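Heads up: the sequence shown runs through residues 1 to 1155, numbered per full-length UniProt numbering. Comments concern the structure below.
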Amino acid sequence: MFNKRHTKNQGQNRHTRKSRRNPSLNAENIQFDFKLLDQQLNLSSSNGSNTKEEQREKKQNSDNRQEHRRKNQNYENRRERGRKNDFEQKQDFDNNTNKKNFKNKFFGFKRLEELSDEEPSKIIFVMSDKVNGFMDLFKQNKEPDWIFLLMKVSAKICSSEFIQNKIFLLTELTCNEFFNHIKSYILSTPTEKNKNRCDKMNTFYEDCLVVFQSITTLFPKTAEEKLKEIIVSSNIALTGIKTYSNHIKINETTIVEMNNLLEKLKETIVTDELKLKEKCTIENIVQIMPPPENFRILTVYPTSFDFEYGKPFLRPNILKGAYQNIEHYLDVQFRLLREDFISPLREGIQFFKESIHNQHHRKINNIRIYRDVEFEIKGEFVRDKYGYIINFDIKKKLKINWEMAKRFMYGSLLLFSVDNFKTFFLGIVLERKIELLKQGKLIVELLEDAKPLFNTSITMVESEVFFEPYKCSMEALKNINAHNFPMEKYIIEASKKVDYPYYIDTLPDPFYSIDNLQKFNLMDDFQWPTKEELKLDEMQFKAFKAALTQEFTIIQGPPGTGKTFIGLKIMKTIINNLYINNECCFKPILVVCYTNHALDQFMEGILSFTDKVIRIGGQSKSEIIEKYSLRNVARMYRRSITTNRGLRDVQNQVKTIMDNINYFKKCSDVVSYNAGILELSLLKNGMPIKYHNFFNTTLDLLSWLFQDPNYFNVDPIGFITSINPELINKVYHSEKLLKIEKEVNENDDDENSQYEPDYLEIEHKYKEIVIYSITLNDIKHVCKELLEENIRLKNLLNLDINYYNQSEEVKFKFDVMEKIHDYFENMLNLANICIELPKSINNLNVLNMGQRWSLYYCWVRKTKEMFNPKIMNYEEKYIQVYKQYSELRELENIELLSDMHVIALTTTGAAKHRIMLEGLESPIVVVEEAAEVLEAHIVASLTRHCQHLILIGDHKQLRPSNAVYKLAKDFNFDISLFERMVNNEVPCYMLGEQHRMRPEIASLITPSIYNELKNHISVHNREHICGVTKDVFFLNHNVYEKEVEEISSKSNDHEARFLIAFARHLILQGYTTKQVTILTTYSGQLFLIRSLRKKHSILEGMKITVVDNYQGEENDIILLSLVRSNENGNVGFFKNREQNMCCIIKSKIWILYNG
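Structure below.
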C-alpha cells in the first residue's frame, strides 16, 4: 500500500531544508595576507568577557545554520531606491527640528540571549517596539558575547520571508557603527581564547554569511561600498584560523562560501548557461534554452517596454514529464501568468494608438478609455492607504448603471498618460463608492512612487482583466525559491510514488477513530474498517483512505459522485483525530478555493462538525460564514503583550504621518484663499531666519502690518483686542506649532493598553489648525454686529435721551472698525501687485506700509511653496512605514489563527497573505475545485510547511479560465496542476457512482466524457416532470443575441422571456421556487432575467445565477439559457465540451436547453 521512504529522501517536506551544495571553488586558493592580519591584530584588543560572564554563559547545542542559508532568497528585483528613507521617522520642519526626548529602556544580555532562541516572528515584534532599547544595541560597541547574539538574531530575521522588516533591520545595521565593531572583532577571531566563543565560532561566521548575503541581495550598492571590506576581513580571519588556530573549528563550507560571496561582489558570476545549452536537444530546446533574465527582475506591473515589444520570452507549461528544476518551473509559470494579464492590455493599447488618427471609431477590446481625466488636489485615506481623487467624467457624458457595471472594481489596474501611452504611470482602484462614481469621480492609489499630475488633462485606461489575482500570485511566485518550494517531488519531478505525510511520524501513535468505530492503526491496511462500516462505495473508500495516508492526494469527482461529501468526511476525520481527540498542538488546516462561492459552500459543510474556523477575506456572501470572518472574530480576541506593543508602536508612526499629511494639505488649501493674515508659526517657514526674532508673537506681526499713522488715529490692533479679545488668535511661542513631534504614550508600559485592531481603519485625528491669526471675515462680522447695535441704540435714542452716550460710543467703534475693514481689504488686494523693495533690509520698521505688505506677501508665497514638498515627503514615508505595518498586521493574526482547526481563503487571498501563512505553518492544505484553478495560483497558495496536500476536483468539468486563448492553445496554460498530475499518472482516485441525475441525463456524458459512470439505484425510479412530455429538452430559436457594453457581456431577450414564462408554468404545476433554478452563461443575461422576474411575484425566491457560481450545487429542475445566437455561429462559453457538460450535470431529473 505504502512506499516506504528511503533514508536519502527523508526530510524532503517535513524538514523542508536542503543542504547547500559546496561551490566549485578550491579552499586552497584563498589568498591570505599575513602582514595585514598582524597589523589588524595589533590594532585590535581582546574583547573577551569577564569570568562572571563566562560562568553565566550556558552551553547550547549548535543551531542548524543550514536553515539560515537555505532561506536566503534571490531578491535582485528589490529596489534599493528610497532605502535611506524607508523607516526614517523624523517629523520636522526646515527650521523647527526640536524632538521630544524620551528615555529608552535598557535591553539586557539575558533578555537578548532568550530572544535569540525565539522564532523570527517574535523577534520582529520586539524589534518593532521602539522604546525597549533593542535596536540601540546595534549602535553600541558591545563585547563579543553580545556581538554573537546580535548576529544570531539578525541572521534569523534575514532567513525569514518578512521582507519589509528585513529591510528595516539591515537599514539600521548599515547606517551605524555596528559594521565597524563587527570588522574589528572578526579580525581578532584568530586569537580568540574564550573556549565558549571558540566552540561557537563556526556558527558565528555562518550567521555573518546569512546577514552578508541578505545585504548583497537587497542592497547591492551598499554591499559594494561598505560590505566588501568586511568580507575581505572575514576571509583573512578565516584563513588565519585555519592556518594558526587549531583550537577553533571552522567548516570548510563556511570558508568556501565566504570566499564565494567575495567573488560575487567582484562580479565574477558563475552561470549554468553553457551547461544548459550543451543539453539542448530538438525535443526540449524550448525548455532548455535559458531565459533572457531572471524572472524575479521583471516587475509585476506592465511597462512601456511590454507594449512596444510584443513577443516576450515564453515557454509552455509541461503537460507530461518533469521540469528541470524549481527555477525552471517558477520561470515558466511566472512568465505565462504575467503575459496572460499584459497581453490583452498590450493589444488594447496598440489598437488605441492606431485608432488615434483613424476617423472610424470601433470598439476597443480588453480596455476602457477615459479621456480628459484630471487629478483633484484633494486626497484621502481609505483603509489606511492614501488615495487621490480623479475626475474621469468632467463633461458628464457617461451614462452607466454603476450598480450593475463591473467597471472600477477594487484593485483594478489603471494607466495614466499624457502622450498617448508612449509613457505612463500606474494606479489601482482604492475604493469603489457608487455615490462618487455617479459624480464621475474615483479614489485611486498610485503605484511605484508615481506622483499625480495636477491641472493636466490625462488619458486613462482601465484594464478589463482583473489585476488583483495576477498581482498577488506573481508577487508570491517571485518570493518562492528552491529552498522553500513545497511538494517538489510531485509538482516538479511528477513522481508517481507517493509517501505518507511526515507529520504521522510525530504522532504518539498513529491510531485513528472514524465514525465512533474502534480505533485502528492508520498505517496498517489490515486494521482499517471496511467500506460498508464507513458507508462508502468502493471508489469513495479508496479515495478516502488515500487522502488520510498519502501526502499528495488527487481525488476526481464526476458529477453527483459525492466529491464534496468525501471532502467533508476527510476534513472531519482529520480534525477529530489530530485536533480534538489527539491534542497534538497541530497547526490549522488550510482550505483553499478559487472562488468565494465555492469556499463558502465548503465552509458551511465544515461548520457541521467544528466551529473553530476562520474565513479570511471580505467577499463572502454567506450569512452563516460571516460570523466566522477574521474581521469579526478578531473583535473579541486579546493579543499578547509583545504583539500589542510592537503593533502599537508602528501604528502610532502611521497615525503620525497621516496626521502630518492632512495637516499640511489643509494648510496648503486654506493659505491659497488669501483670507487674512497668516499665523506667525506658518509664516516663519517662508520668512528668512534673520527676521524671526523681530516677531515674538502674532500681535507683533499684526501691529507691524496695521499701524499706519497716515490712515489710523488709533492703534488698530489694540482697538480690535479691546472690542473683542478673542478676535485675534494670539499664539505665543508659535514657532513650536509646526514642529512634528513623535508622541510617546505615557501608558506604553501598560499591558492593558491595546492598539487599534485590524477590523478598524486607523483614525487620523488632529487638533484644530490655526492658519490665520485674523481674517477679513472676522472684521466684517464685528462690523455687522456693531452696525446692528448702532441701529438698535438709535431707535432707543428716539424714545430716551439717556441712550445718547451709548449710541455715540457704538457709532465710534463702528466707524473705526469699518475703517480697519476697508484698509484690510485694500491691502489684501495687493497680494499680486509687485512693489519694489530695498535690496538689503536690516530694520523692518523703516519700510513704508506698502513695502511691508509686499514683503509679507513674499513670505506668504515662500510658505505656500514649502507645502507640496513636505506633503510629498510624508507620503513617501507613509508608503514605506505602512508596508512594515502591513507585515506586522499579518503576523499578529498568527496568534489568533493558530488556535483554529480550519483557516479558509481563496487562492488570491492565500497569495496576498503569504507572510501570514508562512508564520502559520499549516501542514495540511485542502484545495477544493482544484481542477478549475490555474497552476500558478495553487503554488502561490502553498508554503514550505505544507506536508500534506489534498486536491479535490474534476478536470473534465470546468478547466481554469485564463484571459488569452493563445496561451491556452499554444502554451497549455489552461491546464491545472490537478490535470497535469493526472497526465503524469500521479495516483488519482476517481469516484465512480453518481447519485444525482436521471439515467437519461447521465447518458449525455457517458461514455462521451467519462468512460464509465455508474448510476446509483436511487436515480432509476424518479418521477417524471409534471406539465411537460419529456424530462430533457433542447429548444432551438433564431433570435440573435445583443451586446451589453456596460459590463462587456451579452444577453438574449427572447430566451429570457421564454424561461421566465416557462418557470412560471412549472410553479403552477405545483413545484416550489426552491426546486427550480435558472442558469445562464453570461452576466448580461443574468441581469435581464432577474429584471423580468420582478414582474412575476410567483417567482420570488427562485435562484437565478451564472453557471460559474453554481459549482458544487444541484437542483431538481434546471433551466439553462445559452444566450449565443449569431450569424457567425459563435457559441462562446460552450466551445469546450467541459463547459457544456458542466451545465448538464446540475439537474437531478430535468434540464432544458435554450439556444
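Glycine included, C-beta positions come from ideal geometry on N, C-alpha and C. This one's a predicted model, so the numbers in the text were calculated from it and none came from an experiment.
Once DSSP output is grouped into helix, strand and coil, what is the label at residue i?
i     : result
Q851  : helix
F971  : helix
H733  : Here the model assigns H733 a pLDDT of 35, short of 50, so the residue's position is not dependable, and the following value carries that caveat. Note: H733 maps to coil in three-state DSSP.
R368  : strand
G379  : strand
G718  : helix
E263  : helix
K497  : coil
T1080 : strand
K690  : helix
K1050 : strand
Q994  : strand
N660  : helix
N1015 : strand
E431  : strand
V210  : helix
H1096 : coil
E445  : strand
D1116 : strand
G411  : coil
Below 7 Å between beta carbons: does that hold for residue i and residue j?
i     : j     : result
L1035 : I1078 : no
K369  : V461  : The question names Lys, but residue 369 in the sequence shown is Ile. Result yes, Cβ atoms of I369 and V461 sit closer than 7 Å.
I1098 : I1067 : yes
C988  : Q556  : yes
D340  : A963  : yes
G133  : F107  : yes
E551  : P501  : yes
V382  : E431  : yes
A1061 : L477  : no
A931  : G909  : no
Tell me the rounded alpha-carbon separation between residue i and residue j.
i            : j    : result
D899         : Y512 : 22 Å
V846         : G387 : 48 Å
I614         : V300 : 30 Å
Q1111        : K156 : 44 Å
E1012        : L949 : 27 Å
P688         : S773 : 20 Å
K264         : K569 : 53 Å
P923         : M981 : 21 Å
L224         : L173 : In the sequence on display, residue 224 carries Glu and not Leu. Looking at the two C-alpha atoms, the distance is approximately 15 Å.
F109         : C198 : 19 Å
C1026        : R998 : 15 Å
L680         : P709 : 23 Å
Y612         : H901 : In the sequence as presented, Tyr is not what sits at residue 612; that position holds Lys. Using only the alpha carbons, I get a separation of about 5 Å.
F416         : T907 : 29 Å
R648         : E118 : 21 Å
N660         : I871 : 8 Å
residue 1163 : L727 : For the chain, the structure presents residues 1 to 1155; residue 1163 sits outside this window and is missing.
Between the options, which lies nearest to residue i when the distance is taken from Cα to Cα?
i            : options                 : result
T1073        : N516, I377, M1102, A911 : M1102
G567         : A543, L578, N576        : A543
L699         : Q884, R639, P725        : P725
residue 1162 : C946, S343, Q333        : Absent from the model: residue 1162. The displayed extent of the chain is 1 to 1155, so no value can be given.
F352         : L336, R338, R371, R335  : R371
V332         : R315, F204, F162        : R315
I434         : G411, R407, G427        : R407
Please tell me whether residue i has its Cβ less than 7 Å away from any Cβ of chain C.
i    : result
Q880 : Given the protein chain composition of this structure (a single chain), no chain C is represented.
Ignoring anything shorter than 3 residues, give me the beta strand (DSSP E) runs that lie fully in the stretch 863-935, in order along the chain. For the beta strand (DSSP E) assignment, the uninterrupted runs of no fewer than 3 residues enclosed by the stretch 863-935 are, from N- to C-terminal side, 902-906, 924-927.
At 3 residues or longer, and completely inside the stretch 755-843: list those beta strand (DSSP E) runs for me, N to C. Complete beta strand (DSSP E) runs here, min 3: 772-775.
Going residue by residue through the stretch 568-651, where are the continuous alpha helix (DSSP H) segments of at least 4 residues, counting only ones entirely within it? DSSP assignment within the stretch 568-651 yields the following whole alpha helix (DSSP H) runs of 4 residues or more, N-terminal first: 596-606, 623-626, 630-634.
For the stretch 285-323, which segments carrying the alpha helix (DSSP H) assignment without a break, of at least 4 residues, lie completely within its bounds, in sequence order? Those alpha helix (DSSP H) runs which fall completely within the stretch 285-323 and span 4+ residues are 285-288, 304-308.
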